Amino acid sequence: MTTDPEQEGPDESPPSGGLSGVLPHVPPLVTRVEAVVERAHIPLLASALTFDALLALVPLGLLMLQGLGLVLRHTRFFDLADPDRLLLSLLPPHAHGVAGRDPFALVEGMVGAIQGYQSQVTWLAIPAFLWFGSRLFSSIRSTLSEVYDAQGPQRHEKLILAVLLDFVFGKLRDFAMMGFLLALALVNTVLTALVRLGSRETSPDLPLFDLFASALGRVLGEAVAIGSAVVLFMALYRYASPRRLSWKASAFAAAVATVGFELAKRLYGLYLTIGAQREVYTIDVNLGAVMLFLLWVWWAALVFLLGAAAADVWERGRSGSSGKRDASSEKRG
11 MTTDPEQEGP DESPPSGGLS GVLPHVPPLV TRVEAVVERA HIPLLASALT
61 FDALLALVPL GLLMLQGLGL VLRHTRFFDL ADPDRLLLSL LPPHAHGVAG
111 RDPFALVEGM VGAIQGYQSQ VTWLAIPAFL WFGSRLFSSI RSTLSEVYDA
161 QGPQRHEKLI LAVLLDFVFG KLRDFAMMGF LLALALVNTV LTALVRLGSR
211 ETSPDLPLFD LFASALGRVL GEAVAIGSAV VLFMALYRYA SPRRLSWKAS
261 AFAAAVATVG FELAKRLYGL YLTIGAQREV YTIDVNLGAV MLFLLWVWWA
311 ALVFLLGAAA ADVWERGRSG SSGKRDASSE KRG
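Position in the sequence shown (from 1) plus 10 gives the number in the working numbering.
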């Protein structure tokens, strides 16, 4: 009995190499991602993540200052008696110290005041970060589960014990991700500060610092900073949700999120640079900077969830294609 060749067409696997194997799959991928966005209400989830992220940013920033103080206390690259020097290396270029033209004057004043109350602020920042940070990662876990349309495993037959165990295991997962975030953020901040200081100032006669001060060192430092963002996103996509994506899907989602995050960050720095070129910083410029910062945080949450949606669609498509290929080979066998 012969088989109609037209009926074998849908079972044949599409070409996997070259542009012909990639471009035909772009429109269906975008359409499926759009369907996930509508199903999970991703813009609303991004707004909820933005609120929790803003609550966690303040204690995280305070802990970052204390952690940097511990790491850099005995180095020659930063003078911790002058906190502005360290802070300036992390901020976009602006008119520092010029009356009426410094958009970060309030932030720099707050940092100077915080330096006088280091021990008190640290003891307040630790429980605040534990509370708001666990709230943030709990929101990340819930939103990723919503995007993935996944549920956690049933840990016990009794409902009360199952809810209690889910809460305990969820908090342990959140605290582990918080520790990973702090360690990675410290490494990223130190490397970024070294690169920016090396590009702005004359380096001392140290071979290692001369490397960072060179053009190649700055490029490598930026690559490490972006790479740390990719590593953070990969860890969140793979371990922050009950459903564990593959490494390839996590890397794909991290690439999407990092590109969107870096684009928004550089556009925000460009806005501050253009504003710094004006003669006087007006109220409109300062309000615009604040509004753009809030929009930047929301955009970061949005591209994070869009990366999760794209990776979920891509991985399900790969699983479906492999299943069709297996079924086709069984039929032919």
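Cβ coordinates follow ideal geometry from the N, Cα and C atoms, glycine included.
Since the model is a prediction, treat every value here as computed from it, not as a measurement.
- In this model, alanine 259 and aspartate 322 are separated by some 7 Å (Cα to Cα).
- Take the alpha-carbon of leucine 146 and the one of serine 329: they are about 31 Å apart.
- Inter-segment contact for the segment 250–258 and the segment 303–316 is absent: fewer than three beta-carbon pairs are separated by less than 8 Å.
- Buried is the label assigned to proline 69, since at least 16 other Cβ atoms lie within 10 Å of its Cβ.
- In summary, isoleucine 52 is buried, with 16 or more beta-carbon neighbours lying within 10 Å of its beta-carbon over all protein chains present.
- Considering only Trp308, Val200 and Gly317, the residue with the shortest C-alpha distance to alanine 58 is Trp308.
- Shown here, aspartate 159 sits in coil according to DSSP, grouped into three states, outside any helix or strand.
- Taking the Cβ atoms as the reference, alanine 319 lies roughly 6 Å from valine 47, within the contact range of under 8 Å.
- In this structure, valine 240 keeps its C-beta atom at 8 Å or more from the C-beta atom of leucine 316.
- Rounded to whole angstroms, the gap between the alpha carbons of alanine 172 and methionine 244 is 28 Å.
- Proximity to valine 197 across Leu277, Ala235 and Ala56 peaks at Ala235, based on C-alpha coordinates.
- Tryptophan 141 and alanine 66 have their C-alpha atoms spaced approximately 8 Å apart.
- Looking at the backbone, the Cα of alanine 274 and that of tryptophan 306 are separated by about 6 Å.
- Cβ neighbours of serine 155 within its own chain (closer than 8 Å, five residues either side excluded): Gln161, Gly162, Ser251, Pro252 and Arg253.
- With respect to the 8 Å criterion, valine 157 and alanine 264 are not classified as neighbours on the basis of their beta carbons.
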